[in-house]
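Letter by letter, the sequence shown follows residues 723 to 943 of the numbering used here. Think of the CB as a built atom: it goes at the ideal place given N, C-alpha and C, for glycine as much as any other residue. None of these values were measured; they are calculated from a predicted model. Read the structure below first, then the notes.
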Amino acid sequence: MSSSTPLHAAAPSPTARTPRAAPAGPVGPAQDAGDVTAAGAAWLASAETYPRSALALWRSRPTAPAVLPCGSAFDVVSVPAVFGRRILDRLWDEGPGSGPVAAHRGRVLLFAAPGTASRLPALLEWEEWGREVSVLCHGTGDAVTVPPLSAAEGPDAGSGDRLGSRWLVAPDTRHPWLPGPEVMLWACVRAARSAASSAVRISIFPGGDQSAKVYDVSRRR
Numbered sequence: 723m724s725s726s727t728p729l730h731a732a733a734p735s736p737t738a739r740t741p742r743a744a745p746a747g748p749v750g751p752a753q754d755a756g757d758v759t760a761a762g763a764a765w766l767a768s769a770e771t772y773p774r775s776a777l778a779l780w781r782s783r784p785t786a787p788a789v790l791p792c793g794s795a796f797d798v799v800s801v802p803a804v805f806g807r808r809i810l811d812r813l814w815d816e817g818p819g820s821g822p823v824a825a826h827r828g829r830v831l832l833f834a835a836p837g838t839a840s841r842l843p844a845l846l847e848w849e850e851w852g853r854e855v856s857v858l859c860h861g862t863g864d865a866v867t868v869p870p871l872s873a874a875e876g877p878d879a880g881s882g883d884r885l886g887s888r889w890l891v892a893p894d895t896r897h898p899w900l901p902g903p904e905v906m907l908w909a910c911v912r913a914a915r916s917a918a919s920s921a922v923r924i925s926i927f928p929g930g931d932q933s934a935k936v937y938d939v940s941r942r943r
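This is the structure we're talking about:
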């Protein structure tokens, strides 16, 4: 992945099979869905060797994406957009919630606990979860493009965001909860089964912006 502004696995455990249920009720934004809080920005910058310098550079251009290294503060699991939305639905409707989540050029980036990238591929190999889905795990030695600190504004913001970078669950704390490999395995398996069960259904609704759903970060466990 590239950017214009550098900032620079066994069967799932029982807890992964039966995650804590999220509270019932409508889902709504806890903050501007496109904006990262100051604490969230500090957490992202902590992935860099020199966090203060990186954060200062990023804040000077808050509407530009950046490239961050994986493996220390977080790993990233990258999946196709539609499959990623299914994973998010499973995590929020039936599981413990998610960590920060971004969309970038047709893929969903799920931020996970360090070490997830090295364990998840082996875990997925043991499950009949739908191997036709492209799941990319980014850990130590890898880097990913992350969305801007603030959502772009102006008449071209909407169209640009749909193909570019945007936050689906923006970082909002200095120490966010991050799912581990077992939770990610559980979500991938459930999302694949959900996709298989709905494959024979015919939608009577017109296509729209399926990425519009906002996940309430206050519900994250």
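With distances taken between CB atoms, is the gap from residue i to residue j smaller than 8 Å?
i	j	result
P999	V891	Residue 999 lies beyond the stretch modelled for the chain, which goes from 723 to 943, so this question has no answer here.
F805	A909	no
L871	A763	yes
L900	A839	no
D757	A913	no
C792	G861	yes
Could you check if residue i is buried or exposed, using at least 16 other CB atoms within 10 Å of its CB as the buried criterion?
i	result
D797	buried
R808	buried
D894	buried
S820	buried
R774	exposed
T867	buried
H826	buried
G817	buried
R783	exposed
If you drop the 5 nearest sequence neighbours on each side, which residues of the same chain put their C-beta closer than 6 Å to that of residue i?
i	result
V801	V830, V857
P869	P787, A824, S887, R888, W889
L832	V799, V823
R781	none
V855	F805
R812	A909, R912, A913
Within the same chain, show all residues whose beta-carbon is closer than 7 Å to that of residue i, passing over the 5 residues directly before and after it, in chain order.
i	result
S768	A795
L777	A763, A764, A767
Assuming residue i and residue j make a contact with CB atoms under 8 Å, what is their CB distance in whole Å?
i	j	result
A865	L790	6 Å
G837	A803	The pair is not a contact, with the Cβ atoms about 25 Å apart (cut-off 8 Å).
A761	R896	4 Å
Which residue marks the beginning of the beta strand (DSSP E) containing residue i, and which one marks its end?
i	result
T867	865 to 868
P787	Neither: P787 is in no beta strand (DSSP E) and is coded neither H nor E.
S800	797 to 802
A873	Segment: none, A873 is in no beta strand (DSSP E) and carries neither H nor E.
R829	829 to 834
L858	858 to 860
V823	823 to 826
What residue range is occupied by the uninterrupted alpha helix (DSSP H) comprising residue i?
i	result
D894	No alpha helix (DSSP H) holds D894; DSSP gives it neither H nor E.
L846	838 to 847
A760	760 to 767
Excluding sequence positions up to five away, which residues of its chain have a Cβ less than 8 Å from the Cβ of residue i?
i	result
T759	Q753, A892, P893, D894, T895
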